[in-house]
Structure formats: structure tokens, C-alpha cells
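Undergrad:
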Amino acid sequence: MPSADSLYDYVVVGAGPAGCLLANRLSADPACRVLLLEAGGRDNYPWIHVPVGYLYCIGNPRTDWCFKTEAQPGLDGRSLGYPRGKVLGGCSSINGMIYMRGQAADYDRWAELGNAGWAWKDVLPLFKASENHFAGASESHGAAGEWRVEQQRYSWPILDAFRDAAEQSGVAKVADFNTGDNEGCGYFQVNQRSGVRWNAAKAFLRPIAARPNLTVLTDVQVDQVLLSQSRATAVKARWQGAWHEFGARREIILCAGSVGSPGILQRSGIGPRALLNDLGITVRHELPGVGGNLQDHLQLRLIYQIRNTHTLNQMANSLWGKLGMGLRYLYDRSGPLAMAPSQLGAFVRSGPEQASANVQYHVQPLSLERFGEPLHRFPAFTASVCNLRPASRGRIDIRSADMNAAPLIDPNYLSDAQDLKVAADSIRLTRRIVQAPALAIFDPKEYLPGAALDTEEQLYEAAGKIGTTIFHPVGTCRMGSGTLDVVDNQLRVHGIPGLRVADASIMPQIVSGNTCSPTLMIAEKAAQLILKGTPSHLMLSDSNAIPTP
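Sequential numbering of the sequence shown, starting at 150, is according to the numbering used here.
#1: Roughly how many angstroms separate the alpha carbons of S279 and Q341, rounded to a whole number?
#2: How would you call W469, buried or exposed, if buried means at least 16 neighbouring beta carbons within 10 angstroms?
#3: Check whether the segment 400–414 touches the segment 590–597, taking contact to mean three or more Cβ pairs, one atom from each stretch, closer than 8 Å.
#4: Assuming T212 contacts G234 (C-beta within less than 8 Å), just tell me the rounded distance between them.
#5: From the DSSP output, which residues share a beta bridge with Q341?
#6: Under the three-state reduction of DSSP, which class applies to E316: helix, strand or coil?
#7: Thinking C-beta only, is R649 closer than 8 Å to I145?
#8: In this structure, what does DSSP give as the bridge partners for T531?
#9: Which runs of the beta strand (DSSP E) fall wholly inside the segment 228–306 and span at least 3 residues, in chain order?
#10: DSSP three-state call for K594: helix, strand or coil?
#11: Quick check: V439 and Q415, are their CB atoms within less than 8 Å of each other?
#12: Ignore the nearest five residues each way along the sequence and tell me which others in L678's own chain have a CB closer than 7 Å to its CB.
#13: What residue does the beta strand (DSSP E) around E394 start on, and which one ends it?
#14: Report yes if the C-beta distance between Y303 and S516 is below 8 Å; otherwise report no.
#15: Under a three-way DSSP split, which group does M552 fall into?
#16: Can you pull the DSSP bridge partners for Y203?
#17: Output needed for R182: all residues of its chain with C-beta closer than 6 Å, excluding positions within five of it in sequence on either side, in chain order.
#18: Report buried or exposed for N507, applying the criterion of at least 16 other Cβ atoms within 10 angstroms of its Cβ.
#19: K471 by DSSP, collapsed to three states: which one?
#20: Say whether the segment 285–300 touches the segment 320–330, bearing in mind that this needs 3 or more beta-carbon pairs closer than 8 Å, one atom from each stretch.
#21: Roughly how many whole angstroms lie between the Cα atoms of I419 and G441?
#22: Assuming L170 and A349 make a contact with CB atoms under 8 Å, what is their CB distance in whole Å?
#23: Going by the beta-carbon positions, is the gap between L224 and G543 smaller than 8 Å?
#24: Are the segment 245–261 and the segment 354–374 touching by the rule of at least three beta carbon pairs closer than 8 Å?
#25: In whole angstroms, what separates the C-alpha of R346 from that of I243?
#26: Measuring straight from C-alpha to C-alpha, what distance separates P514 and H446?
#27: Starting from R544, follow its DSSP beta bridges and name the residues at the other end.
#28: Output the distance between the C-alpha atoms of V162 and V623, rounded to the nearest integer angstrom.
#29: Going straight from the alpha carbon of C215 to that of T668, what length do you get?
#30: With C-beta atoms as the reference, is L443 less than 8 Å away from T618?
#31: Here's the rule I'm using: 16 or more other beta-carbon atoms within 10 Å means buried, otherwise exposed. How should S654 be labelled?
#32: For the beta strand (DSSP E) containing Y159, list its first residue and its last residue.
#33: Compute the Euclidean distance between the alpha carbons of R456 and G344, then round it to the nearest angstrom.
#34: Would you mind reading off the limits of the beta strand (DSSP E) that contains W196?
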């Protein structure tokens, strides 16, 4: 526990995927004292660890911040739930467990935007460094890391048929989405170990719990970064009912995510001048890009009623089905309780004008009106399709100087005409796949959005009614060297020595896939950059340190 005179070399804010990995890497040097602060609680809630338990973690204030977006004009005026992990392991404790890197071109584009060192050839070794792949080490995968990747342990006939139908529609079957080009259809690999969720806390913190130079505190809410002569020296936080200032001799690294990191910066007086002035916050350093450039994957959840097979809907609505699932999981950690929310995936071009796969499918042997509600009582599957490279941009800002006030989240979904076209094309593409011969035996009938909707305008309206977040917000502390960029290619906050951001918020453009493992890669890169060494003139001397009460 911190004492009255404690001072750390590094203070890491946020114990999500990035923070857990960084705490592991930085504390590997026994001479470095590392403090990891997490606003949520311990990851000891049982449903975190049973894979299907995501249904009981999302929307649960025990594990989720339960944020809401602003009403979205592009989504028929709806406000969406915006899940973010509120627990050790962060979103890796409540997400879909899908191991996905994106496309090589994503990272090459980051480098083309002026971020040297972030091309695919640079980041592939970083992915491999933390990876523990079931198939062992190879040109594409690593096996000596902590981030366990396994095959799924249960299959459904309807998903096999969808994969065959996709092949009949011109989408090739692939075995591995993570070699740089993910185009094709196949089963997702998942972050599990023997049928149990493998979150970042298990991977990166538990094995090093005995390190005397690492302190991990939960239920600590960081308000702001404190500056001394424009240098970051400490964080001000609420812990155990009192205010504390946790000091850092070398660096403070924000890993609070695309919602949390810009909020901390803005409360610290680092951000857009107009916003800070409106909220009565003294401008310490003007950075107009903080909170902007928000990008997210909007999914369209197309639901099809089927016959002649079973889905999770029937099992979940039957007492005997629930009992059977529970016994199967207790016996060998398999069956429906071991399944990721989405098992089958596909990366496809929504139209011939696309240079590479620009939409992603998450196909599920279940259906429901919306997350948090019961599964339908009829057999069905959901073909969720998202635009991988949305053109729409939004913002995340604080509403007040009070750290307990919910943030203002405005993703601005479907505000760009390009996104509307991709949405309409995606619905048509899904219909073509579902009409392929391989699915005919199941007699699929479109439940949502409804087969009668067919014109361009009707499909635009349908997308607005069924679109929802797939929980991939990025970009709110964008990396680059422009006037709206927040960090440089070393992840250092522009103009603030001693302060970095290392999480999904630094992505200049969203990756073409799920964002958890790319966030770990960002943290691995940050660790390498930090451990190159901090020049002595940039370190906070003990005599000038801000003590930790």
C-alpha cells in the first residue's frame, strides 16, 4: 500500500488490456517502482470467467460503466448503451474474446500518416511477443507470450451452413484471420484457456503478483494529471474515501481507454480551449484534438428465423436446456456456456469498388431484440455486419469538471453518406448469402429488418433502426504530428513531458477488426519506447517530487 512518502517511477492509469500489459513489462525491472490504478473492482465476479457470462456483465454496474450515447440522428434518434469494462482487465473482462489483429494495410496507413514505426512489419513482432497461440510459433504467430489464443470448443450446424453459403456466394473459407489479409469466412480464434475467459488480468498481472516493486490498487478514480512547470508529475485521485496525489519520477501513462483517457486530460486542463473555458477549467495546455476523431464499428444485426435445427434460443428458454448446458460446462468446460458471443466470422467487400474487405460479420446461433433482453423463443440466427472503416467521426467530452459526471458520447453514426451506402450494400450482401443453397434446408425468413424493405432509402432507414455499437471506440487521443493530434509516434502527449497515452484512443484510424488485441500491441510498443530509457533531465528528481499522501 502507498505510504506517506511513496513515489513511483511509473504511474499507469487504467488496468484494462493496455494497463495490465504495461504494468507487467515496466515492473520486470526490479529497480523500477510501478503503480497501476484501476477505477473498477477486482475481477472476482464469477460471470466474468464463464464465456457466455458476457450476457450478465454488459449492462451490469458491477462490471460495466453503463455509459449512454447522445441521441443519434442517424439511428432514428436512439441513444445506445456504450459498454466499457469497470473491472481489472477492463473490456477484456466483458468483451467477445475474439482474437483479431486487423489488416496489414491498417498499420501501413498509420505509418503513411506520418507515424514512423507503426507499419505492419513493425507491429507484427509486437503482436507475436505477447501471444500464446494454440498452434505454436510460426511466421505469423507467437507461442511464448501470455495472451492465450485457442480454437472454440463448440459448433452449430447453422453456422457451418452459413459458412458454406458464404462460399457459394464467393466468400472463400479461411482458417486464420490474423496473417495480414483477413478476407474470407471462418471461425474466430478466441482468448480462452480450456473453455474459460482469458482476460488481461489473468494474462499479465496474476503471474507477477508477488513482484515487490508493483502495486495494484482497485477502486481508485483518477481525476486529473498534475503539472509542475508544464511537466506531468502526479495524478490526483480518490481512493478509500480520501484524495491522494500519486507521484511519478519518470512517467505517467494513461491507459484509461477511448472514453477515460480524453476525460482525464480534459479535467487536467489539457484539451480544446473552448470546451475547457465553458466548463470553468483552467487551460493548462491547449490541445484541440483531445476527445475528437471518435470512430466506432456500427453493426447491423440482421435476424433470420429458421427451422429444422436448434439454436441457443431454444436451449436458453428451456429449464432442461439450461441444466444440460450447465452440466456440460462443469464436465469438460465445453458446450454453449463456453462459446464466445460470436463464433463464425467473415470479412467481405461490400461492393466491387472496395480495394479490400471493408465489412465484418459476427454470426451468432441466437437472436434477441437488444442486449440485456431475453433471447427470442423461436429458433434463429443473427448475421451482424459492421462497416470496418467508417467515414463518420464523433466526439467524447466531459460534461463538467466533476469526474463522477457521465461523459458526453456522440459517435455521430451514419452521418456520412459513404457509411449509409455501405450499410445498404451490407444488407443486400447478407441477403445474397442467406439465399444461397446451403441454407435452404433451414428455410430462413428475415425477421429484422424485414424483407419488404428494398429501396435505397428504405435500407438507409432500416440501418438507422437496427444499427448498434459493436463496442470498438477508438481515436479520441489520436497519434500524429498535426494540429488535431494528441500524441506523437512515441505516444508522448504533445507539449507535456512525462505524460503518454497508450490505449485504443491513440489509433489515428480504426483497425479492420476487433480492437482488444491491437490495444495490447499498442501497449507492447509503449513499453518498448519507455524502456529505451528516459533522459535524466526529463526525470522528476526526488527533491522536487510531489509526495503521495
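Every residue gets a Cβ at the ideal spot worked out from N, C-alpha and C, and that includes glycine.
TA: In short, the structure shows the following:
#1: Between S279 and Q341, the C-alpha separation is close to 14 Å.
#2: Here W469 is exposed. Its C-beta has fewer than 16 other C-beta atoms within 10 Å.
#3: Not touching, per the Cβ criterion.
#4: For T212 against G234, the beta-carbon gap comes to about 7 Å, under 8 Å, which counts as contact.
#5: Answer is R346, bridged to Q341.
#6: Helix.
#7: What is shown of the chain runs 150 to 698, which leaves residue 145 out entirely.
#8: Answer is I452, Q513, bridged to T531.
#9: Here the runs fully enclosed are 280–282, 296–298.
#10: Of the three classes helix, strand and coil, the one that applies to K594 here is strand, per DSSP.
#11: Note that the C-beta distance between V439 and Q415 is below 8 Å.
#12: Sequence-distant Cβ neighbours of L678 in its own chain, meaning closer than 7 Å and more than five residues away, are Q639, L640.
#13: For E394, the enclosing beta strand (DSSP E) stretches over residues 391–403.
#14: Cβ distance not < 8 Å, so Y303 and S516 don't count as in contact.
#15: Coil, per DSSP.
#16: Residue pairing by DSSP places Y203 opposite no residue, since no beta bridge is assigned to it.
#17: Within the same chain, R182 has close Cβ partners Y157, D158, N362.
#18: Under this definition N507 is a buried residue.
#19: Note: K471 maps to helix in three-state DSSP.
#20: Counting C-beta pairs with one atom in each stretch, the segment 285–300 and the segment 320–330 have three or more that are closer than 8 Å, which means they touch.
#21: Computed Cα separation, rounded: 13 Å.
#22: At roughly 7 Å, the Cβ-Cβ gap stays under 8 Å, so L170 and A349 are in contact.
#23: No, the pair does not count as a contact, with Cβ atoms beyond the cut-off.
#24: Judged by pairs of C-beta atoms under 8 Å, the segment 245–261 does not touch the segment 354–374, as fewer than three such pairs exist.
#25: Using only the alpha carbons, I get a separation of about 9 Å.
#26: Their backbone Cα atoms lie some 21 Å apart in a straight line.
#27: Beta bridge pairing from DSSP links R544 with D559.
#28: Approximately 17 Å, taken between the alpha carbons.
#29: Distance between the alpha carbons of C215 and T668: 21 Å.
#30: By the CB criterion at 8 Å, L443 and T618 fall outside the cutoff.
#31: It counts as buried.
#32: 157–162 is the span of the beta strand (DSSP E), which, as asked, contains Y159.
#33: Roughly 29 Å between the two C-alpha positions.
#34: Careful: W196 lies outside any beta strand (DSSP E), inside the alpha helix (DSSP H) at 195–198.
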